[in-house]
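Participant: Below is a structure I'd like to ask you about.
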Amino acid sequence: MNYTPQTEVHLLKDVPFNLTYNNVRDFNTLPEQTNYFINKTKYKFDKLTYQRVNAESIKLDISYDDLLDVNYMMFKNDSVPGKWFYAFITDYEFISQNVTRVTYQLDVFQTYLFDFSFQTTYVEREHTKRFDDDGLPIVNTLDEGLNYGSDYKIVSAYHVEQATNIVWAIIVSKVALESIPNFQYGGSVLSGVSTPLYFYGVPINLNGTDPSVNGQILDSISTLFSLFTTNSDFVGCIVSMYYTAYIPFPVTLDANNNLGIPVGVTIVNIASFKACKFNASGWGTLTNTVLNNVYSPLPSYEESKLYMYPYSIIEITNQKGEVFTLKMENLDVPEGLGGKRSLNLKILSSIGVSPKTAIIPMYYLNNTNIYDYTDLSYGIIDNDVSDIPIIDDYTASYIQGNRNTINTTNKYALDNAKRGVSQNNANNRLQNAITTRQQDWNNVEGLGNMLSSAFGLNIGGIVSSGLSMTKAYDLMEAKRASMNLNNSFANQNLMINAEQQIGLTQAKLEDINNVPPTVSNLGNNSLFNLGNGISGCWVVIKTIREEYVTQLTNYFKMFGYKVNKMEIPNLKSRRSYNYIKTVDANIVGNVPNNYLNTLKGIFDKGITIWHTNDIGNYSLNNEEV
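One rule links them: number in this note's numbering = place in the sequence shown (from 1) + 210.
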């Protein structure tokens, strides 16, 4: 029986993939595939003996040296019309000068490209659709297990305030401060809850200009502090004082730096100063839309997964230690309420001796119960009161407790002095004609008996002593001058005694004042925060550093995302290439079992399927199709 040669063989060069199957080329049609490889032919052999597929070698009439640049082959047998078999050349063996044995291994993927298909299978990772039709990243939160660095950079920060740059100094008192010095007790009612305390507030603009409230200019808080610590009427009345950025009442701030507050908040006079008094029935909350699109502050990432945790995060913080890390992809706002990925904060606050503030992201993980405030698991709870130090001034307390004694002592001292001065002035008026100075007395002759007579105003005795009448009157004038001098000394002594008594009292007060004041509430870092404009809460957008962005972008471009789901893989979802990695690939088709198992192993290992001739060029546009 005559045997008719029937095999055609092509030896190819520059085929850009190998038997590792890391990269393969797919085609839409069989003719497209055939033409691609035919065009890479370097040598063609016709009418060869039938070539078995699993022979894995073939002898060809060609020099060994001529084959050094070929790396691939294709062949077909006439017995199977139109069926090309593709293979990787693995070796050449010199047989003779013009004969070489070519060793090959079948390219299972290309050979059976149009003969197999996927059924539902477990896909570990693949190139997926990255963005939805609105341009928002499609959520994929699976942990990639990749290094993204140990720190973040801040992209943007947003200060969430009830009113711009406004904080409130809250004063809690056990008496109605506006009633002092008549002490009124009783307390107040806030949102239907009775309390034995009174609550006052003074707004402070951190920019320096104190705002007006409902058109009225309030006094500086420092002035009120001075009042509470130095005025004895107010000593011991203050229970606590603290700063807060949020009060449970609606507040507005217009362009003229005027605060609008509800009717239940009134303005009262405390001594000569004005402050707000809280005694309202309303108990409001603050709802603030921080961002309509939380992704907008971030860089324009090519890979959508970089917009998600842990590569990009949101931190909600009060700058006092409480921090809640928010995952952007968990925001799921219903349609018509600000945007699918908008950030809306609800702030619950209170006024009390130790106030509490809750800052909660709305619709986080589609949590609709947030309106009922039943779930405070997400967000931060601020129990750290920004206390203002309260000083119990010992001097003022002493004055208040010993006021009558101090006043009486001072009054008696002054009265005694006035009475002594009055008596001495009356005596002086009887002798107001005497003007001779004290030294004239020393010039009088025969001072002895004459002096004693003169002290008794005995003129006759003086004359009988042999002195002239002129000298006698001179002596009398001198005596009276001496008496005036002595009276002056007495007056001075009386005044000195009075001043000494007052001085002793004052000295006692000064001694008490030297006792260090008692600080009943040291507070925390409130002064630091205020001085540096830190109040309320902040929303901070963070992302990983640029070098890790580059590394991860390259990785995701090459290998897609971890998906871990059951599906029928889409091998043509991208423009230039698709990567896919399966677990126990569920592949069926008209393929011999041994080669079908090979195909399963190829996909389980991970494979990049290229839809372009520029294989290996990851800079190509690989957008979704």
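Don't be surprised by glycine CBs; every beta carbon is placed ideally from N, CA and C.
Could you compute how far the alpha carbon of Y362 sits from the alpha carbon of E334?
Facilitator: Indexing the sequence shown from 1 puts residue 362 at position 152. Indexing the sequence shown from 1 puts residue 334 at position 124. Distance between the alpha carbons of Y362 and E334: 28 angstroms.
Participant: Any contact between the region 754-774 and the region 298-316? By contact I mean 3 or more CB pairs, one from each, below 8 angstroms.
Facilitator: no
Participant: What would DSSP say about P347, mapped onto helix, strand or coil?
Facilitator: Position 137 of the sequence shown, counted from the start, is the residue given in the question as residue 347. Reduced to three states, the DSSP call for P347 is strand.
Participant: At what residue ranges does the region 731-808 contain a whole run of the alpha helix (DSSP H), taking only runs of 4 or more?
Facilitator: 736-741, 756-769
Participant: Can you name the start and end residues of the beta strand (DSSP E) that V318 belongs to?
Facilitator: On the sequence shown, position 108 is the one that residue 318 refers to. Taken as a continuous stretch (DSSP letters only), V318 belongs to no beta strand (DSSP E), being part of the alpha helix (DSSP H) at 318-321.
Participant: Could you round the C-beta distance between P565 and G589 to whole angstroms and report it? I think they count as a contact, below 8 angstroms.
Facilitator: Locating residue 565 in the sequence shown gives position 355, where the first residue counts as 1. Locating residue 589 in the sequence shown gives position 379, where the first residue counts as 1. At roughly 16 angstroms, the Cβ-Cβ gap does not stay under 8 angstroms, so P565 and G589 are not in contact.
Participant: When burial is assigned at 16 or more other CB atoms within 10 Å of the CB, is G411 buried or exposed?
Facilitator: Against the sequence shown, residue 411 aligns to sequence position 201. Per the 10 Å Cβ criterion, buried.
Participant: Quick check on DSSP: helix, strand or coil for N831?
Facilitator: The residue labelled residue 831 in the question sits at position 621 within the sequence shown. N831 falls in the coil class under three-state DSSP.
Participant: Output the distance between the C-alpha atoms of V290 and N831, rounded to the nearest integer angstrom.
Facilitator: Looking up residue 290 in the sequence shown gives position 80. Looking up residue 831 in the sequence shown gives position 621. Going from the Cα of V290 to the Cα of N831 covers about 39 angstroms.
Participant: Leaving aside the five residues before and after K767 along the sequence, list all residues of the same chain whose C-beta is less than 8 angstroms from its C-beta, in chain order.
Facilitator: The residue given as residue 767 occupies position 557 in the sequence shown. Once the five neighbours on either side are set aside, the close Cβ partners of K767 are E512, E513, Y828, N832.
Participant: Report the option in I524, V382, L463 whose CA atom is closest to the CA atom of I561.
Facilitator: As a working mapping, residue 561 is identified with position 351 in the sequence shown. Of I524, V382, L463, the residue nearest in Cα terms is V382.
Participant: Comparing alpha-carbon positions, which option in N498, T440, L323, T454 lies nearest V801?
Facilitator: The residue you call residue 801 lines up with position 591 of the sequence shown. Nearest of N498, T440, L323, T454 to V801, Cα basis: L323.
Participant: Using the C-alpha atoms, what's the distance from T454 back to S786?
Facilitator: Taking the sequence shown and counting its residues from 1, one reaches residue 786 at position 576. Taking the sequence shown and counting its residues from 1, one reaches residue 454 at position 244. The straight-line gap from Cα to Cα measures roughly 57 angstroms.
Participant: Examine the Cβ distances between the region 377-391 and the region 349-366 and report whether three or more of them are shorter than 8 angstroms.
Facilitator: The region 349-366 and the region 377-391 do not touch, with fewer than three beta-carbon pairs separated by less than 8 angstroms.
Participant: In its own chain, which residues sit with a C-beta less than 7 angstroms from the C-beta of I825, not counting the 5 before and 5 after it?
Facilitator: On the sequence shown, residue 825 is found 615 positions in, with the first residue counted as 1. Around I825: P226, F227, N233, R235.
Participant: Could you pull the DSSP bridge partners for F488 from this structure?
Facilitator: Within the sequence shown, numbered from 1, the residue matching residue 488 stands at position 278. Partner residues in the beta bridge of F488, as assigned by DSSP, are F409, V475.
Participant: If you draw a straight line from the alpha carbon of Q372 to that of V461, how long is it in whole angstroms?
Facilitator: For this step, residue 372 is matched to residue 162 along the sequence shown. For this step, residue 461 is matched to residue 251 along the sequence shown. One C-alpha to the other measures close to 7 angstroms.
Participant: Hey, out of L809, V750, E777, whose CA is closest to Y332's CA?
Facilitator: Against the sequence shown, residue 332 aligns to sequence position 122. Cα-wise, what sits closest to Y332 is E777.
Participant: By Cβ distance, which residues of its chain are closer than 6 angstroms to D429, with the 5 residues on each side in sequence left out?
Facilitator: Locating residue 429 in the sequence shown gives position 219, where the first residue counts as 1. Result list for D429: F483, K484, in chain order.
Participant: State the Cα-Cα distance for the pair L555 and F328, rounded to the nearest angstrom.
Facilitator: As a first step, residue 555 is located in the sequence shown; it is residue number 345 there, counting from the start. As a first step, residue 328 is located in the sequence shown; it is residue number 118 there, counting from the start. Looking at the two C-alpha atoms, the distance is approximately 46 angstroms.
Participant: So the candidates are Y314, V263, F769, D542; which of them puts its Cα closest to the Cα of N502?
Facilitator: Counted from its first residue, the sequence shown places residue 502 at position 292. The option with the nearest alpha carbon to N502 is D542.
Participant: Take S273 and list the residues in its own chain whose beta-carbon comes closer than 8 angstroms to its own, dropping the five residues that flank it on each side.
Facilitator: To locate residue 273, count along the sequence shown from 1; it is residue 63. Answer for S273: Q307, N308, T310, listed in chain order.
Participant: Using three-state DSSP, classify T822 as helix, strand or coil.
Facilitator: Counting from 1 along the sequence shown, the entry for residue 822 is found at position 612. Correct three-state label for T822: coil.
Participant: Just to confirm my understanding: we take Y395, look at its own chain, exclude 5 residues before and 5 after, and list those with CB closer than 8 angstroms. What are they?
Facilitator: One-based indexing of the sequence shown puts residue 395 at position 185. Contacts found: K384, V385, A386, P406.
Participant: Report back the beta-carbon spacing between T330 and Y260 to the nearest angstrom; my notes put them in contact at under 8 angstroms.
Facilitator: Position 120 of the sequence shown, counted from the first residue, corresponds to residue 330. Position 50 of the sequence shown, counted from the first residue, corresponds to residue 260. Going by Cβ atoms, the distance from T330 to Y260 rounds to 40 angstroms, so no, they are not a contact pair.
Participant: Rounded to whole angstroms, what's the CA-CA distance from I450 to F409? Just pull it up for me.
Facilitator: Counting from one through the sequence shown, the residue named residue 450 turns up at place 240. Counting from one through the sequence shown, the residue named residue 409 turns up at place 199. The identity of residue 450 in the sequence shown is Ser, whereas the question assumes Ile. Taking the straight line from one Cα to the other gives about 10 angstroms.
Participant: I need the DSSP call for E525, collapsed to helix, strand or coil.
Facilitator: Position 315 of the sequence shown holds residue 525. Residue state, collapsed to three classes: strand.
Participant: Is the beta carbon of V835 sitting closer than 8 angstroms to the one on R784?
Facilitator: Here residue 835 corresponds to residue number 625 of the sequence shown, with the count starting at 1. Here residue 784 corresponds to residue number 574 of the sequence shown, with the count starting at 1. Contact flag set, yes.
Participant: I need the DSSP call for Y505, collapsed to helix, strand or coil.
Facilitator: For this step, residue 505 is matched to residue 295 along the sequence shown. Coil.
Participant: Are the beta-carbon atoms belonging to L229 and F247 less than 8 angstroms from one another?
Facilitator: In the sequence shown, the residue the question calls residue 229 occupies position 19. In the sequence shown, the residue the question calls residue 247 occupies position 37. No; because the gap between Cβ atoms is not below 8 angstroms, this pair is not in contact.
Participant: Identify the continuous alpha helix (DSSP H) that holds L229 and give its terminal residues.
Facilitator: As a position in the sequence shown, residue 229 is number 19, starting the count at 1. No alpha helix (DSSP H) contains L229, which DSSP labels as neither H nor E.
Participant: Can you tell me where the beta strand (DSSP E) with Y201 in it begins and where it stops?
Facilitator: Past the boundaries of the shown model lies residue 201; the chain is included only from 211 to 835, so the question cannot be answered.
Participant: Would I838 and G359 qualify as a contact pair, given that the criterion is a beta-carbon distance under 8 angstroms?
Facilitator: This structure does not reach residue 838, given that the chain is present from 211 up to 835, and the question cannot be answered.
Participant: Who are the Cβ neighbours of D325 in its own chain at under 6 angstroms, not counting the five residues just before and after it?
Facilitator: As a working note, residue 325 is residue 115 in the sequence shown. Cβ neighbours of D325 beyond the five flanking positions: G799, N800, V801.
Participant: What's the C-alpha gap between T244 and I751?
Facilitator: The count along the sequence shown starts at 1 and reaches residue 244 at position 34. The count along the sequence shown starts at 1 and reaches residue 751 at position 541. If you take the alpha carbons of T244 and I751, they lie about 53 angstroms apart.
Participant: F459 to L762, Cα distance in whole Å?
Facilitator: For the purposes of this step, residue 459 is taken as residue 249 along the sequence shown, with counting starting at 1. For the purposes of this step, residue 762 is taken as residue 552 along the sequence shown, with counting starting at 1. Taking the straight line joining both Cα atoms gives about 47 angstroms.
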